[in-house]
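Number of protein chains: 2
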Amino acid sequence: MYRLVQKFGGTSLADLDAIRHAALRVKEAFLDKQQAQADVKGLVVVSAMGDSTDRLVAQTQAYTSNCQQRDYDVVLASGEQVSSGLMALALCQQNIRACAMQGWQVPIYTDGNHSTARITDIPQKNIVAAWRSYDIIVVPGFQGISPDQHITTLGRGGSDTTAVALAAAVQADICDIYTDVDGIYTADPRVVPSARCLDQITYEEMLELASLGARVLHTRCVELAMARSIPVRLRPTTNNNEGTLLQQEGASMEQPAITGIALEDDEAKITLLGVQDRPGVAAQIFTPISEQHISVDMIVQNVSADKKTTDVTFTVAKKDLASCMKVIKDCPITYSALRTDANVAKVSVVGRGMRSHAGIASKLFATLAAHGINIQVISTSEIKISLLIDQSNGKAAVRHIHKAFIEQ
Amino acid sequence: MYRLVQKFGGTSLADLDAIRHAALRVKEAFLDKQQAQADVKGLVVVSAMGDSTDRLVAQTQAYTSNCQQRDYDVVLASGEQVSSGLMALALCQQNIRACAMQGWQVPIYTDGNHSTARITDIPQKNIVAAWRSYDIIVVPGFQGISPDQHITTLGRGGSDTTAVALAAAVQADICDIYTDVDGIYTADPRVVPSARCLDQITYEEMLELASLGARVLHTRCVELAMARSIPVRLRPTTNNNEGTLLQQEGASMEQPAITGIALEDDEAKITLLGVQDRPGVAAQIFTPISEQHISVDMIVQNVSADKKTTDVTFTVAKKDLASCMKVIKDCPITYSALRTDANVAKVSVVGRGMRSHAGIASKLFATLAAHGINIQVISTSEIKISLLIDQSNGKAAVRHIHKAFIEQ
Numbered sequence: 026m027y028r029l030v031q032k033f034g035g036t037s038l039a040d041l042d043a044i045r046h047a048a049l050r051v052k053e054a055f056l057d058k059q060q061a062q063a064d065v066k067g068l069v070v071v072s073a074m075g076d077s078t079d080r081l082v083a084q085t086q087a088y089t090s091n092c093q094q095r096d097y098d099v100v101l102a103s104g105e106q107v108s109s110g111l112m113a114l115a116l117c118q119q120n121i122r123a124c125a126m127q128g129w130q131v132p133i134y135t136d137g138n139h140s141t142a143r144i145t146d147i148p149q150k151n152i153v154a155a156w157r158s159y160d161i162i163v164v165p166g167f168q169g170i171s172p173d174q175h176i177t178t179l180g181r182g183g184s185d186t187t188a189v190a191l192a193a194a195v196q197a198d199i200c201d202i203y204t205d206v207d208g209i210y211t212a213d214p215r216v217v218p219s220a221r222c223l224d225q226i227t228y229e230e231m232l233e234l235a236s237l238g239a240r241v242l243h244t245r246c247v248e249l250a251m252a253r254s255i256p257v258r259l260r261p262t263t264n265n266n267e268g269t270l271l272q273q274e275g276a277s278m279e280q281p282a283i284t285g286i287a288l289e290d291d292e293a294k295i296t297l298l299g300v301q302d303r304p305g306v307a308a309q310i311f312t313p314i315s316e317q318h319i320s321v322d323m324i325v326q327n328v329s330a331d332k333k334t335t336d337v338t339f340t341v342a343k344k345d346l347a348s349c350m351k352v353i354k355d356c357p358i359t360y361s362a363l364r365t366d367a368n369v370a371k372v373s374v375v376g377r378g379m380r381s382h383a384g385i386a387s388k389l390f391a392t393l394a395a396h397g398i399n400i401q402v403i404s405t406s407e408i409k410i411s412l413l414i415d416q417s418n419g420k421a422a423v424r425h426i427h428k429a430f431i432e433q
Numbered sequence: 026m027y028r029l030v031q032k033f034g035g036t037s038l039a040d041l042d043a044i045r046h047a048a049l050r051v052k053e054a055f056l057d058k059q060q061a062q063a064d065v066k067g068l069v070v071v072s073a074m075g076d077s078t079d080r081l082v083a084q085t086q087a088y089t090s091n092c093q094q095r096d097y098d099v100v101l102a103s104g105e106q107v108s109s110g111l112m113a114l115a116l117c118q119q120n121i122r123a124c125a126m127q128g129w130q131v132p133i134y135t136d137g138n139h140s141t142a143r144i145t146d147i148p149q150k151n152i153v154a155a156w157r158s159y160d161i162i163v164v165p166g167f168q169g170i171s172p173d174q175h176i177t178t179l180g181r182g183g184s185d186t187t188a189v190a191l192a193a194a195v196q197a198d199i200c201d202i203y204t205d206v207d208g209i210y211t212a213d214p215r216v217v218p219s220a221r222c223l224d225q226i227t228y229e230e231m232l233e234l235a236s237l238g239a240r241v242l243h244t245r246c247v248e249l250a251m252a253r254s255i256p257v258r259l260r261p262t263t264n265n266n267e268g269t270l271l272q273q274e275g276a277s278m279e280q281p282a283i284t285g286i287a288l289e290d291d292e293a294k295i296t297l298l299g300v301q302d303r304p305g306v307a308a309q310i311f312t313p314i315s316e317q318h319i320s321v322d323m324i325v326q327n328v329s330a331d332k333k334t335t336d337v338t339f340t341v342a343k344k345d346l347a348s349c350m351k352v353i354k355d356c357p358i359t360y361s362a363l364r365t366d367a368n369v370a371k372v373s374v375v376g377r378g379m380r381s382h383a384g385i386a387s388k389l390f391a392t393l394a395a396h397g398i399n400i401q402v403i404s405t406s407e408i409k410i411s412l413l414i415d416q417s418n419g420k421a422a423v424r425h426i427h428k429a430f431i432e433q
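Chains as they are written, first to last, in my numbering: chain A, 26 to 433; chain B, 26 to 433.
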């Protein structure tokens with residue numbers, strides 16, 4: 026039996042015409058597989074229509090004090106319930122034997138953390154039973170059921186996770202995530218016109234790109250796909266391109282030095298100069314920051330010349346800069362100077378090929394130097410190099426790197 | 026333990042302010058009872074907000090062919106799900122320990138007739154268990170769960186039925202139905218300014234009035250209340266008036282001759298003259314009409330002068346007149362003439378007092394005669410007399426009858 030999971034996001038379900046179009050995509054893929062193989066069964070995961078989740082959130086926010094997240098989830102989950110019913114109706118109209126099953130019917134078990142629940146288990150029993158009467162089961166994304174039998178929601182971006190978790194539960198042959206882009210590009214095509222859509226990418230590379238501005242798939246969903254080895258394909262809703270396949274690294278996959286380049290310019294840089302160089306200083310800085318729910322991205326600390334003091338540089342989201350500065354000023358640490366810079370861009374180059382291709386970093390630095398672009402901060406991981414540069418150089422840097430590494 | 030059921034309709038939940046106001050009404054009633062009795066528990070039943078059901082119906086109607094009612098119900102039930110969550114949040118904000126439970130959680134068992142399901146059973150176990158942690162459980166009206174565990178909806182007006190069925194399940198002390206009117210009036214106050222709100226009314230009287238244009242409570246809900254002897258009170262949302270209590274006839278209740286007068290002017294009269302007077306003719310006329318789902322209201326057949334032919338008069342909704350005429354013309358019966366009149370009004374006087382007060386009918390006919398109003402058709406039941414008169418006389422007739430019987 027071929028088992029196909031397909032997921033459609035809110036922009037692909039913006040209105041009734043869009044749902045009808047998405048239903049046609051489901052039908053095409055289903056019939057296509059049926060030609061090759063007699064026994065095909067499908068699961069379709071849907072987000073809420075267009076901006077309906079925003080509208081529901083706004084309604085719940087009218088009642089702020091003493092609120093239980095439980096009832097907030099009851100309201101929010103209704104958005105996906107509506108689109109699941111409408112998608113099932115649209116599929117029936119296309120003569121596909123389809124029906125909707127809600128999170129509590131599947132059931133999609135989650136923990137009890139309302140509004141940020143995590144999926145704990147999806148038994149395949151009820152889905153397999155429903156497949157006896159229907160070819161396609163439509164399941165609302167983003168929702169599940171808690172141990173005490175209440176509706177939970179998974180947080181924004183949860184629908185992708187629902188799709189991958191369902192694909193794992195039924196051992197799907199493929200999990201197609203339909204989006205409004207053609208797939209994963211080597212760089213943002215608006216910045217680099219010659220950027221090309223990748224046929225394939227490894228989970229690890231996607232994780233680095235997902236957390237770096239290529240916000241096509243939620244990190245959480247990629248982690249789950251990687252842990253359960255689910256082949257996930259990002260496909261466009263609007264054309265028949267094959268999209269980008271996420272899978273494990275295999276011997277057959279070619280290994281270019283760099284797979285993709287990401288640019289992020291919504292971060293601000295904070296530098297503490299002349300911080301006392303002793304154990305516990307980093308914790309004294311970053312603990313109060315995290316307590317304010319401010320997320321810190323890059324952290325770089327250099328050995329200082331005098332070996333008594335050191336310089337610490339880190340980045341936060343621009344929107345968090347003011348509140349982060351307040352935390353630092355209330356912090357009982359001593360430093361000689363505090364500098365901030367909101368005019369920075371972070372350029373990250375990602376590629377599993379770095380592990381085997383020597384000299385990527387030096388070629389990268391040389392490429393930027395040749396174009397007079399100064400590097401402020403460098404941070405590296407096994408398959409990623411991130412650079413902080415002046416914001417005005419961001420796009421040019423991406424183009425030069427793309428030309429040097431990918432268009433070679 | 027005092028058990029209070031309260032139900033709010035869509036107009037009482039039109040927007041977030043209206044929900045907040047309804048939550049205040051719940052709180053007031055709850056605290057009021059708590060002063061008299063320590064142990065008070067409540068159930069609040071809610072309809073969908075304002076016109077949200079119309080919006081959801083419109084969405085489902087985009088997909089007409091091959092549609093399963095099952096998925097239609099999934100979409101429709103979301104409206105009450107949203108309002109139940111918002112009501113629970115609004116109650117929590119008022120420091121009431123409240124939570125929402127959906128139809129499948131209660132569970133409200135129904136038959137499998139999607140979109141027109143009937144409630145078959147509501148076990149009280151889960152509600153009683155939830156009352157250990159919460160004082161008020163908010164339940165969406167209009168929805169339940171089928172024997173094969175799918176969401177069902179009860180059809181329009183189903184939320185009142187949900188409230189009464191829940192009141193029966195938990196043996197509630199009172200079922201308060203909040204509406205946008207003050208209660209049941211002796212006549213439509215827009216027609217008869219001196220009409221007064223009734224303190225009480227029997228189920229039987231309400232049934233006659235409910236099917237006659239005083240469309241405050243659905244017949245189905247009144248029938249259930251009567252069968253299970255549930256005290257139901259119609260109360261205004263906007264003021265603290267006591268409203269009208271529906272209950273069984275008791276010795277203590279005064280028995281005026283007439284309780285209420287209803288006027289309906291959306292019916293049309295059809296008369297078949299000279300129909301052959303033999304067994305089976307009535308069936309030949311009305312079977313094809315009912316097969317077209319046309320609802321027939323009054324049916325009057327007179328003994329004819331020649332004992333060979335008879336005249337049959339009946340009424341249908343004005344909107345059904347054209348299609349009904351088509352059915353009759355296709356009908357294999359012979360008649361001498363066919364007459365229709367869309368300019369009729371039906372005046373019905375209802376009162377259990379009729380059973381003991383002789384001469385109501387003659388006084389009624391005399392009242393209309395004194396004002397020169399001609400009666401076209403008369404139909405009676407045990408506690409009701411319905412008259413068909415010219416539409417132009419409708420409002421005047423109601424005023425004269427009200428003056429003669431109720432303002433006496």
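Quick reminder that beta carbons are idealized off the backbone N, C-alpha and C, glycines included.
query, result
"Residue burial classification, Val328(A) (beta-carbon count within 10 angstroms, cutoff 16)", "exposed"
"As assigned by DSSP and simplified to three states, the class of Pro165(A)", "strand"
"Integer Cβ distance of Thr85(B) from Val100(B), believed to fall under 8 angstroms", "5 angstroms"
"For Met74(A), the first and last residue of its enclosing alpha helix (DSSP H)", "Segment: none, Met74(A) is in no alpha helix (DSSP H) and carries neither H nor E."
"Top-ranked residue by Cα proximity to Ser140(A), from Lys344(A), Tyr203(A), Arg95(A)", "Arg95(A)"
"For Asp415(A): DSSP bridge partner residues", "Val369(A)"
"Chain A contact for Tyr97(B) (CB, 8 angstroms cutoff)", "yes"
"Contact belief for Val341(B) with Ala293(B) at Cβ below 8 angstroms, rounded distance in angstroms", "6 angstroms"
"7 angstroms Cβ shell around Asp98(A) - same chain, five flanking residues per side excluded", "His139, Ser140, Ile176, Thr177, Thr178"
"Stretch pair the stretch 52-65 of chain B + the stretch 412-427 of chain A: three plus CB contacts closer than 8 angstroms", "no"
"Residues of the stretch 111-125 of chain A whose Cβ lies closer than 7 angstroms to any Cβ of chain B, in chain order", "Leu111, Ala113, Leu114, Ala115, Cys117, Gln118, Asn120, Cys124, Ala125"
"6 angstroms Cβ shell around Gly180(A) - same chain, five flanking residues per side excluded", "Thr141"
"Cutoff 8 angstroms: Ser109(B) Cβ touching any chain A Cβ", "yes"
"Bridge partner(s) assigned by DSSP for Ile295(A)", "Phe339(A), Thr365(A)"
"Buried/exposed call for Pro172(A), threshold 16 Cβ in 10 Å", "exposed"
"Reduced DSSP secondary structure (H/G/I, E/B, other) of Val51(A)", "helix"
"Asn265(A) versus Ser381(A): straight-line alpha-carbon distance, rounded", "35 angstroms"
"Cβ-based burial, Asn418(B) [other Cβ within 10 Å; buried from 16]", "buried"
"Inter-residue CB distance, Ile310(A) and Val337(A) (contact presumed, cutoff 8 angstroms)", "7 angstroms"
"Within 7 angstroms of chain B by C-beta, residues of the stretch 134-168 of chain A in sequence order", "none"
"Buried versus exposed call for Lys332(A) [16 or more other C-beta atoms within 10 Å across all chains shown]", "exposed"
"Minimum Cβ-Cβ distance from Val306(A) to chain B less than 8 angstroms", "no"
"Residue from Ile202(B), Arg122(B), Gln168(B), Ala155(B) whose Cα sits closest to the Cα of Thr36(B)", "Ile202(B)"
"Test: Val321(B) CB closer than 8 angstroms to a CB of chain A", "no"
"Beta-carbon contacts of Val369(B) that lie in its chain and below 8 angstroms, excluding the five residues immediately before and after", "Asp290, Glu292, Ala293, Lys294, Thr340, Gln401, Leu413, Ile414, Asp415, Gln416"
"Chain B within 8 angstroms of Gln130(A), Cβ atoms only", "yes"
"Alpha-carbon to alpha-carbon, Gly110(A) and Ile162(A)", "11 angstroms"
"Separation of Gln130(B) from Arg215(A), as counted between CA atoms", "49 angstroms"
"Whole-angstrom C-beta distance between Ala190(B) and Leu116(B), which should lie under 8 angstroms", "Their Cβ separation, rounded to whole angstroms, is 22 angstroms, which puts Leu116(B) and Ala190(B) out of contact at 8 angstroms."
"Close beta carbons around Glu432(B), own chain, < 7 angstroms, minus the five adjacent residues each side", "Ser219"
"Residues that Pro256(B) bridges to, as DSSP identifies them", "Bridge partners of Pro256(B): none, in fact."
"CB contact below 8 angstroms: Leu41(A) versus chain B", "yes"
"Beta strand (DSSP E) runs wholly inside the stretch 175-231 of chain B, at least 3 long, in chain order", "176-178, 199-204, 225-227"
"Beta-bridge partners of Pro148(A), as assigned by DSSP", "Beta-bridge pairing links Pro148(A) to no other residue."
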